[in-house]
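Here the sequence shown stands for residues 1 to 189, where the numbers follow my numbering. Beta carbons: idealized from backbone N, C-alpha and C, even for Gly. A quick write-up on the structure given underneath.
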Amino acid sequence: MDYREFEQNVADYVEGALEEGLRCRMDAARAVDPACDRLARLHEQLLVALQETPELEAPAGLAERIFAKAENLEQLLAAEQRAFRRGMWLGVAGAALGATALAVLLFVLDLSTGSGTLDATATAGNNWIAQVSYKLYEWFGSAEALMKSEIVLPVVGGAVPVYVLLISAAVTTLLAWFRDDILDALTDR
């Protein structure tokens, strides 16, 4: 038996909880290997020290306080889950109600006018999307020229594109917004 196998079984060996064959092998290893003998004696001393140590009584009411705290946490968790489910159902119900109201409104409007309101609405929507797309393409063209233009920094004297300044401003704003969280994360380590 090598030391590693002896070490794996030494606690049961000292407590007398091994089968006879393994116990005989452990006895033989302990007699031959001084490291195994030291480990067994250390465990025997620990077992004696634990047996001689008086048991401590828990403070009065500790178990009740622990159970009350656990019950309180379970109640809070259950309430949170109920609120989440209720909120989800309210959101789904609100969306369904809104979609139903819109469908009824369009259907009533279509019936009252006698014309194809739904077809007219789809055509108007497509025209609106086309107009917005055209304006966006136009704006992106002018925005591209603006972003590529360079601004000379007064102290440094170098020129920097506008998009670099905008990205720097966005990063600075994010860092300032989450400053406390970042500092907390850095000081916890």
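Which of the three DSSP states, helix, strand or coil, is assigned to E55? coil
Cutoff 8 Å; reference G158; Cβ partners in own chain excluding five residues on either side: V152
Roughly how many angstroms separate the alpha carbons of W139 and A122, rounded to a whole number? 26 Å
Whole angstroms is fine: what's the gap from Q131's alpha carbon to Q75's? Between the C-alpha atoms of Q131 and Q75 there is a straight-line separation of about 55 Å.
Taking the continuous beta strand (DSSP E) assigned at V152, which residues delimit it? E150 to V152
The alpha helix (DSSP H) spanning V155 covers which residue range? Segment: none, V155 is in no alpha helix (DSSP H) and carries neither H nor E.
Just grab the DSSP bridge partners of P161 for me. E150
Quick one: any contact between the stretch 24 to 31 and the stretch 58 to 72, if contact means 3 or more CB pairs under 8 Å? Judged by Cβ distances under 8 Å, the stretch 24 to 31 makes no contact with the stretch 58 to 72, as fewer than three pairs qualify.
With a cut-off of 8 Å, do at least 3 Cβ pairs link the stretch 34 to 53 to the stretch 68 to 85? No, the stretch 34 to 53 does not touch the stretch 68 to 85.
Spatially closest choice to P34 from D2, N127, A170 and E19, by CA coordinates: D2
What's the call for V155, buried or exposed, on a 16-neighbour Cβ count within 10 Å? exposed
Over the uninterrupted alpha helix (DSSP H) stretch that includes D33, give me the two end residues. For D33, there is no enclosing alpha helix (DSSP H), as DSSP marks it with neither H nor E.
Which residue's Cα is closest to the Cα of S149: F178, L166, E64 and Y137? For S149, the closest alpha carbon among the candidates F178, L166, E64 and Y137 is that of L166.
Taking the alpha-carbon of A190 as reference, which of H43, E5, G94 and P54 has the nearest alpha-carbon? As shown, the chain starts at 1 and ends at 189. That puts residue 190 outside it, with no answer to give.
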